[in-house]
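Participant:
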Amino acid sequence: MEVKNIGRRKLVNKIWEMLFFLCTIIGMVFLVILLWRVISVGAKHLNWKFLTSVASTKPAQAGVMTALMGSVWIGLLTAIISFPLGIGSAIYLYEYAPRNRVTDFISLNISNLAGVPSIVYGMLGLSLFATWMKLGTTLITGALTLSLLILPVIITSSFEALKTVPDSLRQNALALGVTKWQMITGVVLPFAIPNIITGCILAISRGFGEAAPLIVAGAVNLVRKVPTGLLSKYTVLPIQIYDWAGRPQAEFQEIASTGIIVLMIIILTFNGIATLIRIRYGRRYE
């Protein structure tokens, strides 16, 4: 009887293994088809003129300069706002906050906020920043809205990174007579910084590819001028791609694929930089 049960468990395990492998293959096939479709259609329009031309109602003259610079502005402002707030919140929750039900409740709800649909943050940004704070549908409104979107991700990933630091390192540092802040900056953060950086870059990459919250918060489809300040009108690459893909002309749909290629290159570059930084810091503090 025992031999039959072992054989049955092995068979069930093999079936599930093959099923999961098949799901992975199906996903990879669709991904390859999608990438091939985008690259084959859009690569022929990828040139310097496309990158340096502003938006236009004529597909032959349209480019991504305004959307690209808008994305750069939004990305930098969002990082400046969200990184200190997110990492600081994680440090407080793990290192300073008392371990009680209130702290557990706050941590649980921060984790839940990471799963809220992005369009909800767009509605919050429109009502809070654009209307109540009277910032209008400007660049700073978009950056603050995206900061709300990625803050839960940054806090959660930074919190988990701090948990990986052995308590023995904290106790040894405090035993040497340093203050708690010196222990955090000299021992905890250097040990956790690779994972913190990874979480921050993944969060900003998510924000870089978002369109729904910025559309709700007031970003426009067609902008002919590059943003010059915090109160400028703006658009970003995902919104520009969405606008082109929705137009009936085939030429606009082709350059939408080109815009997707540009967006993918930027996001992959960010992830590559994050990986290099993580490897460098990981080797330094091993």
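Residues -11 to 274 (this note's numbering) make up the sequence shown, in order. Virtual Cβ for every residue (Gly too), placed ideally from N, Cα, C. This structure is a prediction, so every number in the text was calculated from the model and none was measured.
(1) Note down the Cα distance separating Val17 from Pro154, rounded to an integer number of angstroms.
(2) Below 7 Å CB to CB, which residues in the same chain sit around Leu139 once its five sequence neighbours on both sides are set aside?
(3) Determine, using beta carbons only, whether Leu137 and Glu83 come nearer to each other than 8 Å.
(4) Do you know offhand how far Gly124's Cα is from Thr223's?
(5) Let's test the definition: count the other Cβ atoms within 10 Å of the Cβ of Gln228 and tell me whether it reaches 16, buried, or not, exposed.
(6) Where does Ser41 fall in DSSP's three states?
(7) Relative to the alpha-carbon of Leu134, which residue among Arg87, Ser59, Val176 has its alpha-carbon at the smallest distance?
(8) Here's a check: name, in chain order, each residue in its chain whose Cβ is nearer than 8 Å to the Cβ of Ile249, leaving out the five neighbours to either side.
(9) If distances are taken between C-alpha atoms only, which option among Gln237, Ala238, Arg194 comes closest to Ile62?
(10) In chain order, what residues of the same chain have a beta carbon less than 7 Å from the beta carbon of Ile143, not counting five sequence neighbours either side?
(11) In chain order, what are the residue ranges of uninterrupted beta strand (DSSP E) at least 3 long that sit wholly in the stretch 129 to 161?
(12) Glu148: which of Val214, Tyr80, Trp120 sits nearest, CA to CA?
Facilitator: According to the data block:
(1) Taking the first residue of the sequence shown as 1, we reach residue 17 at position 29. Taking the first residue of the sequence shown as 1, we reach residue 154 at position 166. Val17 and Pro154: Cα-Cα distance of roughly 42 Å.
(2) The residue you call residue 139 lines up with position 151 of the sequence shown. Counting only Cβ-Cβ distances below 7 Å, and skipping sequence neighbours, we find Ser70, Leu73, Gly74.
(3) By one-based count along the sequence shown, residue 137 stands at place 149. By one-based count along the sequence shown, residue 83 stands at place 95. No; because the gap between Cβ atoms is not below 8 Å, this pair is not in contact.
(4) Position 136 of the sequence shown, counted from the first residue, corresponds to residue 124. Position 235 of the sequence shown, counted from the first residue, corresponds to residue 223. Within the model, the alpha-carbon separation for Gly124 versus Thr223 is close to 14 Å.
(5) Translated into the one-based positions of the sequence shown, residue 228 becomes position 240. Looking at its Cβ environment, which holds 16 or more other Cβ atoms inside 10 Å, Gln228 is buried.
(6) In the sequence shown, the residue the question calls residue 41 occupies position 53. Here Ser41 sits in coil by DSSP.
(7) Taking the first residue of the sequence shown as position 1, residue 134 is located at position 146. Per the C-alpha coordinates, the member of Arg87, Ser59, Val176 positioned closest to Leu134 is Ser59.
(8) Here the question's residue 249 lines up with position 261 in the sequence shown. Closer than 8 Å at the Cβ level, and outside the excluded window around Ile249, lie Val26, Ile27, Gly30, Ala31, Leu34.
(9) Locating residue 62 in the sequence shown gives position 74, where the first residue counts as 1. Cα-wise, what sits closest to Ile62 is Arg194.
(10) In the sequence shown, counting from the first residue as 1, residue 143 sits at position 155. The beta carbon of Ile143 lies closer than 7 Å to those of Gly74, Ser77, Ala78, Ile98 in the same chain, with the five residues before and after it left out.
(11) The qualifying runs do not exist here; there are none.
(12) Taking the sequence shown and counting its residues from 1, one reaches residue 148 at position 160. Checking every option, the nearest Cα to that of Glu148 belongs to Tyr80.
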